[in-house]
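Protein chains in written order, with our numbering: chain W, 19 to 255; chain F, 8 to 299; chain Y, 5 to 268; chain U, 4 to 336; chain V, 2 to 409.
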Amino acid sequence: MTLLQVAGLVVGYGAAPVLHEVDLTVPPATIVTVLGANGAGKTTLLRTLSGLLRPIGGTIRFDGGSLAGVPVERVVRLGLAHVPEGRGVVAELTVEENLRLGGVWQADRRDARLAQDEVYELFPALAARRRHAGHQLSGGERQMLALGRALVARPRLLLLDEPSLGLAPRITAQIMALLRRLCDETGLAVLLVEQNVRSALSVADQGVVLSLGRVVAAADAAQLRDDAGLRHAYLGF
Amino acid sequence: MDRFLFLTVDGLAKGAVYAAFALAVVLIWRAARIVNFAQGAMAVATVYAAYSVTQATGSYWLGFAAALASGLVLGAGIERVVMRFVPHTSPLNSVIVALGLVLLLQAVLGALYGNEFRPVETPFSRTGITVGGVALLSRYDLFVLGAVLLLVVLLALLFTRTSTGLRMRSAAFAPEVSRLLGVNVAGLLTFGWALAAAVGALAGMLVVPTELGLHPNTMDMVFVSSFTAAVVGGLDSPIGAVVGGLAVGLVLSYAAGYLGSDVTPIATLALLLAVLLIRPGGLFAGVRTRAV
Amino acid sequence: MDEDPHGLTLDGVTVQFGGLTALEDVRLTVPPGKVVGVIGPNGAGKTTLFNVICGFVRPTRGELRFGGRTLRPRPHRLAALGIGRTLQGVGLFAGLSVVENVMAGATHTARSGFTSALLGLPRSDRDERRLRDEAMALLTQFGIAEHAQAEPAALPYPVRKKVALARALAARPRLLLLDEPAGGLGAEDIAELAELVVTLPGRDDGGHSVMLVEHHMDFVMSVCDEVAVLDFGRLIAVGPPETVRDDPAVAEAYLGPTLEGRTA
Amino acid sequence: MTTLVRHLMWTAIAAAALLAVTYALPPFRNYQLATAAAYLCATAGLTVLVGLSGQLSLGHGAVMAVGAYAVALSQNRLADAGLTGNGVLVLSLALGVLAALVGGLIVGLAAARLRGPYLAGVTLAVAVALPAVTTVWAGVFHSDQGLSVYLDPPPAGLGYDFPLERWQSWLALAGALLVMLLLANLLRSRFGRSLRAVRDDEAAARLAGIDVARTQVLAFVVSAGCAGLGGGLLAVLTQSVSPGAYSLTLSLFLLMAVVVGGLGRLAGAVWGALLLVVLPDLTHTIVASLTLSPAAAQRLEGNLPLAVFGLTLIVVMIAAPGGVQGVVRRLLP
Amino acid sequence: ATVACSSDDQGGGGKAAVPGVTDTEIVVGTHMPLTGPASAGYSKIAPASKAYFDFVNANGGVNGRKITYKVMDDGYNPANTQQVVRQLVLQDKVFAILNGLGTPTHSGVLDFLKTNRVPDLFVASGSRSWDQPDKYPGTFGFNPDYTVEGKILANYVKSNFAGQKTCFLGQSDDFGTDSLAGVEKVLGKDGVTAKETYVVTNTNVAPQIGAFKTAGCQVVILATVPGFTALALGTAARLSYKPQFVVSNVGGDLPTLAKLLGEAKGLTEGLLGANYLPLMFDANDPWIQLFQKVNKDFGGGAEFDGNVIYGMSVAYLFVQVLQAAGKDLSRESLLAAVEKGGYQGPGLAPLRYAKGDHSGYGGERMVKVSGGVQQFFGPTYETDEADAPVKEYAGTPATPPANGVPTA
Ligand SMILES: Nc1ncnc2c1ncn2[C@@H]1O[C@H](COP(=O)(O)OP(=O)(O)OP(=O)(O)O)[C@@H](O)[C@H]1O
Ligand SMILES: Nc1ncnc2c1ncn2[C@@H]1O[C@H](COP(=O)(O)OP(=O)(O)OP(=O)(O)O)[C@@H](O)[C@H]1O
Ligand SMILES: [Mg+2]
Ligand SMILES: [Mg+2]
């Protein structure tokens, strides 16, 4: 069974494609990490999945249905939340408002409120700054807020673009542990794009390596972590 | 002293109509982050619609409803047909398109109705209620003040209490992120324009009777005063728009009363400078953004 | 900690934002020719510390000294005082080409005035040529000379980060402040950056001391001569990298049990 | 080759070409060319301000008026004192520029603290306050009616039937070329770079050692000086100044011109200035060529050209947001 | 026209070509605010003139020449006026400029028209600037100037409201100042209790009207444009203040005011003013009948009001002048024809054109609104802008020719 199935995906900004024939599957309750050097096309992949970019070719199926032509704002309602690169906190809104925004499409207000409280529990730093505007936060605090906001939507698949960027090691570790827990407890699936290869592989079930827009390796995370040959070949350490 | 009282009351009455229109300016700023220079012309168009309906039916209130309805339609239409396609490469693009719209709307209205003044009715008497020899607010002034008050309360509620308000703001600030969060940005933009144009229509209905008459250019100066009012208040704040509107009304009234009518535009400039040099983001500005 | 007259000294710096204390009584010295790392949990006040040094934020209390003189920084005077800084993120000028971005960094070294610019006098031309040559030299050193005429937005992230660094260096600062220089970079680029940073103090154009904020611990450990740890605005540890890493308070506040357990 | 020599060469080539053009054109077209040249001074200045330093001015018409009134007052006072001639005219124009520079400095100092719509609001208020200034000090400025401007006939050396319009277009073109030369120099220098840096990222610009406030004020001053010269030349062309000629509408039209011409490039300012003159003329001609019934003519006269003008603006901005210059650059390899 | 120029000849006969004149056509131009804030009302004038010219053309034109009237929109912006007048003169080569509207707009082109020797007839404004035969030999006014009018209004006030406090509200340009000058010539400097001005960009006159009320003014003379007349009346009513208003002809046309006031048009009851052209309410006036017919047949049936009457009166006078200039039309003969004077048309007061006098109508007759109708009453007065007394004018108005087209 798969939650997300990507086949033969081709994406480009102009004429020349940036992603070539990418295949990828994410089963439920699984963390799949996408690794690759700068410019490999990781962000492009996530933006295509959430509908911000239109693919040139290939199929994306989520939970059995095709995502082709589904507008961005409806994708999240299907259970797919995307935390974009560069934080995506609405700087002019307060922390509280940003979090409310995460559940704004949900009919169940009570549950949305509950989800917000859970986020404050997860990130006490945010709880202390409910009324602060997004732009007053430190870089890392914004990262926490963006992640927390996505969790408020109670997604079934979470697309994370470099969540550890700007986060202290301790918070990074906490977040990774949290993702693991959510996967195991709630069946959440995660597509995790990371530069921080080590911490990504420490929690992931599977790893996919992108290079110049092509999938060059796909394997169990443990295998990527432990096989020095693979690591050297694709991850440079 | 009587004179001071008179000028104050008169300034407040005139300021209230500026406030009404300033609210429309604030609304579109909050919904789309643009200063809509076409707002005056759009409001005039809706008042012409009201004029036609009132002429045909003889009812002020039917015309009033027509103004609001045509505001909604015009606002939504302009967003759908024109503004949506303006590229966002520079915020100036939409300013220029709005100026183009002003010319177009005024020309169309001029061609349809002729470039002459047309009378507009008021639903209530404009004769001031005289207290101790001083004519104070008229019923119409009270109607205007009441309408402005109601409007500002409703807008404040919309923005602070409802999720639509939150969505509108986030859509204006960060369209892409908002879409990722399930916010229908395009729809909200249309809604914002429609709403702002309807508020503009309401303001137009309140303002035009206090002007020379209905003419394609009636709102030109009103727009300038109201934009000034909105800036004085801090463009983001409905309360600020009202305070700014009343401040502009008072300054114009005092200046005309004590210094001579010639001085009024200079007085407006002085007010604007005095406020902005102390608070560069207007009276009710939000917090200054963290630079780094 | 004894004070070196040529370094930067923070003396009891406190910063409050409304009710929130972002920095509390911070005392720290950055000696010349050294690389000092500042680490700490998110929101500990690291960026604020930089902002104080740059004059974006006025300290509520305390003072700064640089080169033996009291420093009352204003951001645009900083370059002339000999302090350069990169921003968290990239912060390049989108409308300027790469080489112009770097040239912009050295604006204060230009000698020709407004009039000669207006008249297009040779003086102004000479200035321009010198700035351009220096900028190109830096780009060449960083191995990104082929992008000189490109617009920054079109470039890969690591290249943009290098341009930002080059722009800061173009002013020939004696002290360079780097805010998360490794953020968003891949492992190879980080290694390259580390090599670059360690050479900064000894560069032939005068040498720089460096103060940097970074969450990437390997990078911090490998390039810093000294590490300061901030927590809730307070300096909780200062010392050589190894000592600081093994400090249990630091592990508790910053590194966290899991990671610490793994790296140890 | 130094910047100066290169730019001087371009200027000389342009001057020679334009000279030939002025001989080929009939008087009215020469007058239009002269008007475009006067507008060019202002649009070029505005391009520096809006396109390069990123500050919005809705009051550049008023700045032009400052230059125009200074030229008018100076020309008339000097003529009353028996001083006439082209040297005097140059002096008057210089005074016009000076007055505008001072005006620009004052507005610029306020503007350096303000951003976006707040700056727009202040400059808008400046534009609206200008007519009031002329009525409050009616003794000097003669309120709505304005002043007429003394202008000598073309120099006798050019021949007695030398058309005045050609002479006027020489004057205006000389001014415009001077402005273009100086601005081109400036934009190639570090000042041009600082302007753009400030526009793109204020915090980063400050860290790069650029005094943001000073740069912004400087942009205002430079741009005001150009607008002042433009206004002065316009006063010389029309031989009159009045507040109605430098209304808010003019300010808005200048802004439209630079954006539609292509923001941020001097070439865009040239397109803009040409558009300001050609577009109204063109729309009028098109409309005049239609034959309408008297009733329709009643309604449409005046309104139709306005509608066409407005529609053109909208279509251009949507179809070619880079403006005319953007299209030209796309067409040329 | 010298022999040396004969190479420019277009027609035969050895005489120099006259710009804008051929054997079959006379091209005249004007500048008018057809759009923009000042266009209200005024935008109807030029079409009315044009309608009258079309009427004349349909009747065979003047000396076999049809009149083409080029109307250019200047939006009341002096800069545009400069452009469009130059276009008319240099490009379209009009014979003359007729009835260019507005003081600030037209002042700017006086020098240009003079340099190019273009006749500049019947400027549509009451400024005194048009009457400077030495400086501008080709420029002629039409409207009674504001000072003349001020004197006439004040004269009426002086004799009929003796002892009442009189106040003055004027536009803050030379309309207001010239008018006030006229009023003060008659009433004396101290005769005006309170003087206020307004600017067209500020539509709130409550401070001014409030000041009149406080000062206890019983008579208020208005030198206002129609919009502000209506505003003044409306504002006074709002303040429950009921002085006797006496208004300039510029802002006193009842149909225009009634339209502006709408429901409140009752406020015009009792309004005093003055005028010099027939009023539309005189349905029996032969001029009104003529103009209404022309308007119906050639003016697309535009709404008939003072602006239409004005436009047609100007056109009528122009045709008269063309006839007087004769078959051999030139700019010189045209100017000479105007200066010859002695024209009688729809106007009640004398047209003062003479060798040294380029001002237009030299007087007015008082009008009053009663029962929703504006009507003349009393004698016609004449005076000048200097210190001449205001005296009654004995002349009787002319009747239009049978076919509606004047003959030489
Ligand atoms: N908006 C864009 N227009 C054109 N090309 C783009 C655009 N965004 C990205 N690219 C190009 O697409 C390629 C893939 O970029 P992408 O951002 O997906 O990489 P990434 O793997 O996320 O890199 P990083 O680790 O730096 O975030 C790069 O070569 C980049 O230059
Ligand atoms: N202008 C401001 N107004 C209010 N609070 C602020 C402001 N600037 C910073 N803060 C607060 O001060 C604290 C320190 O912020 P700072 O940006 O210095 O953190 P940091 O150590 O750089 O964190 P990170 O590693 O996440 O970037 C944060 O909690 C932040 O929310
Ligand atoms: Mg990426
Ligand atoms: Mg930080």
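C-beta atoms are modelled at their ideal positions from N, C-alpha and C, and glycine is treated no differently.
This one's a predicted model, so the numbers in the text were calculated from it and none came from an experiment.
Any chain V beta carbon closer than 8 Å to residue i
{"i": "M226/F", "result": "no"}
{"i": "V131/U", "result": "yes"}
{"i": "V127/F", "result": "yes"}
{"i": "Q58/U", "result": "no"}
Limits of the beta strand (DSSP E) - the one that residue i falls within
{"i": "F80/W", "result": "75 to 80"}
{"i": "D250/Y", "result": "No beta strand (DSSP E) contains D250/Y, which is instead part of the alpha helix (DSSP H) from 245 to 250."}
{"i": "S213/Y", "result": "213 to 217"}
{"i": "T31/V", "result": "26 to 33"}
From the options, residue whose alpha carbon lies closest to that of residue i
{"i": "D235/Y", "options": "V94/Y, L216/Y, A255/Y, M221/Y", "result": "A255/Y"}
{"i": "T275/F", "options": "M228/F, F291/F, I103/F", "result": "M228/F"}
{"i": "V93/W", "options": "L202/F, A236/F, N191/F", "result": "N191/F"}
{"i": "K214/V", "options": "F169/V, D179/V, Y394/V, G192/V", "result": "F169/V"}
{"i": "P407/V", "options": "P347/V, G363/V, Q376/V, A389/V", "result": "P347/V"}
{"i": "L27/Y", "options": "Q145/Y, E192/Y, L135/Y, T51/Y", "result": "T51/Y"}
{"i": "V89/F", "options": "I103/F, S77/F, A76/F, S97/F", "result": "I103/F"}
{"i": "A105/F", "options": "G121/F, F44/F, V32/F, M49/F", "result": "F44/F"}
{"i": "V93/U", "options": "G160/U, P283/U, G235/U", "result": "G235/U"}
Residue-level contact to chain Y via CB, residue i, 8 Å cutoff
{"i": "L189/U", "result": "yes"}
Same chain, Cβ closer than 8 Å to residue i, neighbours up to 5 away in sequence not counted
{"i": "H150/W", "result": "T112, V113"}
Residue span of the alpha helix (DSSP H) that contains residue i, given as start and end
{"i": "R10/F", "result": "9 to 39"}
{"i": "I46/V", "result": "46 to 59"}
{"i": "R146/F", "result": "146 to 168"}
{"i": "N276/V", "result": "Here N276/V belongs to no alpha helix (DSSP H); instead the beta strand (DSSP E) covers 273 to 276."}
{"i": "M320/U", "result": "306 to 322"}
Residues near residue i in its chain [Cβ-Cβ closer than 7 Å; skip 5 each side]
{"i": "M212/F", "result": "V54, A57, F71, A74"}
{"i": "V170/W", "result": "L117, G120, G121, A130, A133, Q134, V137"}
{"i": "S254/U", "result": "L61, G62, H63, G64, A65, A130"}
Cβ shell of residue i (< 6 Å), same chain only, five flanking positions each side left out
{"i": "N156/V", "result": "V187, V391"}
{"i": "I240/Y", "result": "V233, A253"}
{"i": "A274/Y", "result": "The shown model of chain Y, from 5 to 268, leaves out residue 274/Y, and the question about it has no answer."}
Chain W contact for residue i (CB, 8 Å cutoff)
{"i": "N191/F", "result": "yes"}
Residue i, buried or exposed, once every other Cβ within 10 Å from all chains shown has been counted against 16
{"i": "K356/V", "result": "exposed"}
{"i": "T3/V", "result": "Low confidence applies here, because T3/V scores a pLDDT of 39, under 50, leaving its location unreliable and the question unanswered by this model."}
{"i": "K136/V", "result": "exposed"}
{"i": "I285/F", "result": "exposed"}
{"i": "V44/W", "result": "buried"}
Cβ of residue i within 8 Å of any chain U Cβ
{"i": "R89/Y", "result": "yes"}
Chain F within 8 Å of residue i, Cβ atoms only
{"i": "D161/U", "result": "Just to set this straight, residue 161/U is Leu in the shown sequence, not Asp. Chain F contact via Cβ: absent."}
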